[in-house]
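Colleague: Protein chains in written order, with my numbering: chain G, 1300 to 1941; chain L, 1300 to 1941.
C-beta atoms are modelled at their ideal positions from N, C-alpha and C, and glycine is treated no differently.
There are 2 protein chains.
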Amino acid sequence: MGITEHPGAVFPSATAIPSPEFPLRVPVPPHRPFAEALGANLKETFFPDDPLRQLRQARGPRRRLLAVLAYLFPVLNWAPSYDLSLFRSDLVAGITIASLAIPQGISYAKLANLPAVMGLYSSFVPPLVYAMMGSSKDLAVGTVAVASLLTASMLGKEVSPAQYPTLYMHLAFTATFFAGVLQASLGLLRLGFIVDFLSHATIVGFMAGAATVVCLQQLKGMLGLPHFTTATDLVSVMESVFSQTHQWKWESVVLGCCFLFFLLLTRYLIGHLTKGINPLSVSNLVFTGPYMMVALKTGFITGIIALAEGIAVGRSFAMFKNYHIDGNNEMIAFGTMNIVGSLTSCYLTTGPFSRSAVNYNAGCKTAMSNVVMAIAVMITLLFLTPLFHYTPLVVLSAIIIAAMVGLINYEAAIHLWQVDKIDFCVCMGAYLGVVLGSVEIGLVLAVVISLLRVLLFVARPRTTALGNLPNSMTYRRMDQYSMAQSVAGVLILRVDAPIYFANASYLRERISRWIDEEEEKLQSNGETNLEYVILDLGAVGSIDTSGIGLLEELKKSLERRCLQMVLANPGSEVMKKLDKSKVLEAIGQQWIFLTVAEAVAACNFMLHACKPAASNGANSIADVTATTDHQVIMHDDHGNIV
Amino acid sequence: MGITEHPGAVFPSATAIPSPEFPLRVPVPPHRPFAEALGANLKETFFPDDPLRQLRQARGPRRRLLAVLAYLFPVLNWAPSYDLSLFRSDLVAGITIASLAIPQGISYAKLANLPAVMGLYSSFVPPLVYAMMGSSKDLAVGTVAVASLLTASMLGKEVSPAQYPTLYMHLAFTATFFAGVLQASLGLLRLGFIVDFLSHATIVGFMAGAATVVCLQQLKGMLGLPHFTTATDLVSVMESVFSQTHQWKWESVVLGCCFLFFLLLTRYLIGHLTKGINPLSVSNLVFTGPYMMVALKTGFITGIIALAEGIAVGRSFAMFKNYHIDGNNEMIAFGTMNIVGSLTSCYLTTGPFSRSAVNYNAGCKTAMSNVVMAIAVMITLLFLTPLFHYTPLVVLSAIIIAAMVGLINYEAAIHLWQVDKIDFCVCMGAYLGVVLGSVEIGLVLAVVISLLRVLLFVARPRTTALGNLPNSMTYRRMDQYSMAQSVAGVLILRVDAPIYFANASYLRERISRWIDEEEEKLQSNGETNLEYVILDLGAVGSIDTSGIGLLEELKKSLERRCLQMVLANPGSEVMKKLDKSKVLEAIGQQWIFLTVAEAVAACNFMLHACKPAASNGANSIADVTATTDHQVIMHDDHGNIV
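1. For a contact meaning CB atoms closer than 7 Å, what does Thr1649 (chain L) contact in chain G?
2. For the alpha helix (DSSP H) holding Gln1717 (chain G), just list the boundary residues, first then last.
3. Determine the direct distance from the alpha carbon of Thr1544 (chain L) to that of Ala1711 (chain L), and round the result to whole angstroms.
4. Compare the C-beta of His1499 (chain L) against all C-beta atoms of chain B and say whether one is closer than 7 Å.
5. Output needed for Val1865 (chain L): all residues of its chain with C-beta closer than 6 Å, excluding positions within five of it in sequence on either side, in chain order.
6. Under 8 Å, CB to CB, which of the residues in the region 1701–1730 of chain G have a partner in chain L?
7. I'd like the ranges of any alpha helix (DSSP H) spanning at least 4 consecutive residues and lying wholly in the region 1793–1857 of chain G.
8. Which residue comes first and which comes last in the alpha helix (DSSP H) that contains Ala1369 (chain L)?
9. Can you grab the Cα-Cα spacing for the pair Ser1823 (chain G) / Met1777 (chain G), in whole Å?
10. Is Ser1435 (chain G) close to chain L, meaning its C-beta is less than 7 Å from at least one C-beta of that chain?
11. Taking 7 Å as the threshold (beta carbon to beta carbon), is Asp1795 (chain G) in contact with chain L?
12. Tell me, please, whether the CB atom of Lys1574 (chain G) is closer than 7 Å to any CB atom in chain L?
13. In angstroms with no decimal places, state the Cα-to-Cα distance between Leu1385 (chain L) and Ser1406 (chain L).
14. Would you mind sorting Gln1356 (chain G) into buried or exposed? The rule is 16 or more other CB atoms within 10 Å of its CB.
15. Select from L:Val1540, L:Gly1491, L:Met1772, L:Ser1880 the residue whose C-alpha is nearest the C-alpha of Thr1802 (chain G).
16. Does DSSP put Ile1791 (chain G) in a helix, a strand or coil?
17. If we ignore side chains and look at the alpha-carbon of each, how far apart do Gln1546 (chain G) and Ala1444 (chain G) end up?
18. Mapping DSSP to helix, strand and coil, what is Gly1766 (chain G)?
19. Got a sec: which bits of the region 1871–1886 of chain L sit with their beta carbon under 7 Å from any beta carbon on chain G, in order along the chain?
20. Short check: CB of Pro1531 (chain G) to CB of Val1512 (chain G), under 7 Å?
21. I want to see whether chain L comes within less than 7 Å of Gly1613 (chain G), judged by CB atoms only; does it?
22. Around the Cβ of Ser1582 (chain L), are there at least 16 other Cβ atoms within 10 angstroms (buried) or fewer (exposed)?
23. Using DSSP bridges, identify the partner residues of Tyr1774 (chain G).
24. Taking DSSP as the reference, what is the three-state secondary structure of Ile1624 (chain G)?
25. Thinking C-alpha only, which one of L:Asp1795, L:Lys1875, L:Ser1804 is nearest Val1839 (chain L)?
26. Between which two residues does the alpha helix (DSSP H) holding Val1657 (chain L) run?
27. Assuming contact is defined by CB atoms lying nearer than 7 Å, are Cys1663 (chain L) and Ala1500 (chain L) in contact in what I supplied?
28. Which chain L residues sit within Cβ distance under 9 Å of Gly1837 (chain G)?
29. Assuming contact is defined by CB atoms lying nearer than 7 Å, are Pro1760 (chain L) and Val1325 (chain L) in contact in what I supplied?
30. From this set, L:Cys1902, L:Gly1848, L:Tyr1799, which residue's C-alpha is nearest Leu1883 (chain L)'s C-alpha?
31. Using the Cα positions of Glu1538 (chain L) and Ala1607 (chain G), report the straight-line distance between them to the nearest angstrom.
32. By DSSP, does Val1458 (chain L) sit in helix, in strand, or in coil?
33. Arg1614 (chain G): buried (16+ other C-beta within 10 angstroms of its C-beta) or exposed?
34. Note the first and the last residue of the continuous beta strand (DSSP E) segment covering Gln1961 (chain L).
35. Could you tell me whether any Cβ in chain L is nearer than 7 Å to the Cβ of Ala1801 (chain G)?
36. Tell me which residue opens and which closes the alpha helix (DSSP H) that Gly1441 (chain G) is part of.
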C-alpha cells in the first residue's frame, strides 16, 4: 500500500514523535544516595501495603501510642463506634457459626485422635484472641480438617494415640505452640510472602493427597489387620495390605461395611464430655526428649498450611467486601491465638473457609461474631455438655466424610489442567508426593516445581520479533498479530523478562540465532541486507551486571557484523546501570529511543535519506529529531511495502 | 494547553487507532494441541540454539550419519578444508601456548599437591580430545589455578598428600573422572543452563575466597606449627594459630621470610621428572571405600567451577570472532576430555582464560593449535624432561603468586558495587562463605542469594503509574519521565513482571493501595472522581492460574467500587489463559485494547461523550471504534488540561 491510499497516514508524526520543542530522550535517573535507595527498596519489599501510614499521621506521643495499639489490636478501631444494630447482626451470625462450630469441633478433634472436648476448647479461647487482634471482619476461627488430619498422621507416626493418649495430647499442644511461634514470627519479620509460595495449585493437590492418605489408613480397621505399617505412603500401605492377605478378616470387612451402612442409618452415642471451660496446659508443653522434634516438625507444617488457608480466606472476604487487611498483622494475630490456645488446652486453629462463609452469609459485621460464638461455646462447655452425650456419631461421621470428599477437589484440578499445565503439574506433584511419599515430600515437591517455573521464566525468557501493525505507529509481536509486518533492513526484537545472570548466555545465543535466521531469510529472498537490530527493552524490568555485560558484548559483536544496535524504551533501572557501567557511552545515547516507532523512524531515515552517513550516527540522528514529519512518512511508506 | 496551541495534535488518530476497516482487537491465539505446544516449549527450553538444524537439512541415511558425527566431532567440519596457511597460524599459536603450558602445568600440579609431571600429562591427552570434540576455535586446554587449589584443599582435608601421596593421587584421578561424568551428563541432558546460575559475581567472589584460603594455609609452614587444623575457614585457622602462640617458631618465621626473599633472588632445582608419556591410570580409580565420597564431592564442585570457566571463555571468544559454539556440546567435549584424562594420569582440565587469550593473540585459527601444543608437550615428555631438572622453582613460585594475586580481582568487586549492589552481595557472599565457612558454603550462599534476587523480582514486581507524554500518544512511567501527565478520571498502572502465585497477593494489595492513594489525592484536590483503572500488561510475559484469579477478583472488586477495569496490550499467553478460564468473558473483550493510548481514548470517550451509557459498556465501545477521530481529540484535549 502506498501513502496515497491512506491519506490519514500522512500526518501522524506530531503525536508519535516529540516535536522539536520537546526533544524527549530516555533520561538517566538522577543519582540517589545508597542508603535512601536501599531504604525505599526495603520499604517496598517488606511494607508494600504501607501499614504504618496511620502511625505517621498521628501527632503527639499519646496519639502515637494509640495508633500503635490500634495497629496491634484492630478491635480498638471498631469497638468505639460499635452499636446495637451491628451487634444484632453479629449476634445472629455468631449463634449460627456456634451451631456449626460445636459438631465440627468435636468431629475434627476425633479426626486428630484427640479428646472430643478439645474441639470445643479450641472454639472458645482462640476466637476471643482473634477478635482482639484480627483485622478481618468475616473470618470465623476454628479447627480445620486438613490440620487435624496432618496432626493425626504426623504425630501418630511416632506416638500411638491409643497407647499413650496423654503424651500424644501433650505433643499436640506443643505442635500448636510451635505453629503459633512460627506464624507470629513470620508476621513480625514481615516474611508473610513465604505463605504466597504455597500456591492455590499446591493447596489443591496437597489437601487431596492428605485426604487420600487418611482414607488409606482406614484400611487397617476395615480389614482387621493386626500389623500395619506406620508409614503413610501408598506403597507401604499396599505392601502391608497385600503381604497379609492370609490375615484379611472377611468378617471384619463385612462388619466394616455393615457398620458403615449402619452408621448411615442409625445413631451412636458419643461418650463422656468433661464439663467446664478450658483447663490450663502450660505445664503440658514438651520441650525436651525424643518427641520434641516431631512436635516441631508437625507444628511448622500444620502451622504454615493453616496460615495459608486462613490468610487466603481473610483476603478473599476483604476483597469481596472491599476493606483492607494487613497480611503480616493477620499472621501475628493467628500466631498469638495459637500460642495462647496451646497454653489453654486447644489445638491448631485458623480461619476455615466453610465456617467463614457461613459467618459471611449470616450477615456478620465485625469480629464480634467470633466473641458471640466463643460465649455460646463457653455456655455449652459449662452447662450443656450432658446434652452432647446424645450427639449422634453419624452426624460426626457425616461431617468427616463431607470434609474428606470436600478436600478432594477434582474440579479444581481439571480447571488447572485446562488453564495452565504447569499449575496442574504442581498440583499433581503435591498429590502424588503426599500419597506416594510423605506430607513433607509432597509440599517440597510442589514448591520446588512452582519455583522452577519461576526460574525457568527468567532462565529462558521469550524473545519475539516485532512488526508494524498496518496504518499505525504500533509495533507488536509478529507471532501474536498475524497482520504485523516486518520493516526492511531492521530486525526488532523484544525481550520479555529481566536480563539476569541466569539468562544472559541464553539471550546471547538466542539473539544471534534470530539475526542469523533473519539474514538467511533476507538472502534467500534477495531482499535488502539487515542493517539495524532494535532491542525493545520495554518489558525488561530489571538487569544485573551480567545483563549489562551482555548488552556491551552484543553491541561489539553487532558492530563486527556491520549492524547497528538500537535500544528502545529502556526502564529507569536499565538506564541507571547502563550509565554507571559506562556502557551507555559505548552504545551512544543517540541510539536509545523512547519508543520502537521512533527507533524505526530513525533507522529508516538513515537507510534512505543519508545512507553514507550511517556510520557516524550521532550527527545525523540529531537531524532526525528536527525532521520528524519526513522521517515518519518514510517509515510508513516503507513499513507497508515490506 | 488547548487544542488550538498544537494544531498538529488534531489528526493523530488514523495511525494510532485502527481505522474502521481494520478494527484491530487483541486476538485470542488459536488452539494448539497439547502435544504440539509442549514439544515447542521443550524445544525452546532445551534446544534454544537449534543445534539439530544441519541434521534436519541432511537427506539420506549416509548424510544424516555424517551430520551426527559432525555434530559430535566438530573436527569433521573444519578438517576437510584445512590448509597450510591455517596450519602456519595454528603452529605459531600452538608453540606459543606450549611454552606457557609447560611451566604453568608444573606449577599448578604443585599447587594441587600432585607430582609435577602430572601437569604435563594434563597438557597432552585432554587437548587432543578437545581438538576432536570441541567447537571453540580459540580455547586452549589446560589445568587452572582455582581447580588445583580446590583439589588440594578438599582432598587434602581427608587424605594428607605428604603421608599418602599415592592414595591422594588416585583420589585426584577419581575426582577428575566424576567431574568429567558430571560435565558430560549436563551436556547430554541439555542441562547446561545450570552453569549459568554461577554468575560472574559468584565466580569473582569464589575465586578470591579460594585464593585467600590457600594463603591462610601457608601460615602453618611459615610459623612452623606442629598441629594445624584440617578445616579451611578463617576462624579455625586463626584459632589454630593463636591457640599455639607458645609453639610459634620465630626461627621458622624468619626462615620463611628469608626463604621467600631468597626465592625471589635465586633459583632452586625442581627434582626428578619421569620421562615418557602418560601412563594409564584406569586401575587407579577409587570407587569404593571411605574416600570415594570425598572424591565425588571434589569432582562435582571442581567440575562445575571448571565448566563455568571453560564455557564462559569459549563463549566470549566465539562472540568476539562472531562464530557459534553450542554450550551443551562443549560440555560433552569437556566431560569426555576429563573422563579420558582421568584414565591417562591427568587431573582436571578446562579452558583457562589466560592461556586461551594467549592462543587468540598468537593468531590461532582452529582447535589445531591444541594439537600442536599437545605434540610439543609430548616431545617434552619423551625427550626434554631432563632439561626441566633445571627449571627454576622461583619461576613456578612467580606463576603461583601471580595466579593467586590474579584470583583476587578487587577491581571487579568495586565495579559490581558501583553498578549493582545485589551482585556485590552475591560476590561477598561467595567470598565470605569460602573464607569463613567452606568452599561448598560459599558456593551455595552465592547461588542462593542470586536465586533470591530472581525470586524477589517475581515476588515483588514493580507497579508504576503511567502518564501521557505531552503531544504524543505515548504513555510512560511517571516516576521515570517527569513530564508525563496523568489523565483525569483514569488510573493507568503497569505491572513489570509475570503474574504468578508468588506475587498475586502482593499485587492485589499494591493495586488497591494505588487506587486508594489516587482517590485520596483526587478527593483532597477536589478533582474528577476516578472511573477507570487501566492495567498495562505489556510487560506481563507470563501468567498462571493464581494470576488469572487475581484479575478476576480485581475485576469484581473494582466493580463494587464502581470502577471499570480495562486491560491494555496483553500478550498471547495472557489472552489464551483469560479465554480458557472464561475470565475473558467476565472482563469483556470490549475492555481489552491493543495499546494504552486506545484504552485511554475509549475511557475518555465514555467519560465525556456518553457518560450515561458508561454502565452498559459493550455497545458504546463499539461506537468508539467507528468515531476514532472524535475520541482522540477529546483525549488529547483532556490529557493536556489535566
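Modeller: In short:
1. In chain order: nothing, as chain G lies at least about 16 Å away.
2. 1709–1718
3. 37 Å
4. Absent from the structure: chain B. Protein chains present are G and L.
5. Tyr1831, Ile1833, Trp1890, Ala1898
6. His1714, Leu1715, Gln1717, Val1718, Asp1719, Lys1720, Ile1721, Asp1722
7. 1800–1824
8. 1360–1371
9. 20 Å
10. no
11. yes
12. no
13. 31 Å
14. exposed
15. Inspection of the sequence shows that residue 1802 (chain G) is occupied by Asn rather than by Thr. Selected option, being the one with the closest Cα: L:Gly1491.
16. strand
17. 32 Å
18. strand
19. Ser1871, Lys1876, Lys1879, Ser1880
20. In the sequence on display, residue 1531 (chain G) carries Thr and not Pro. Their beta carbons are under 7 Å apart, which means Thr1531 (chain G) touches Val1512 (chain G) by this criterion.
21. no
22. exposed
23. G:Asn1767
24. coil
25. L:Asp1795
26. 1652–1660
27. no
28. Gly1837, Ala1838
29. no
30. L:Gly1848
31. 46 Å
32. coil
33. buried
34. Limits of chain L in this structure are 1300 at one end and 1941 at the other, which puts residue 1961 (chain L) out of reach.
35. yes
36. Run containing Gly1441 (chain G): none; DSSP gives neither H nor E here.
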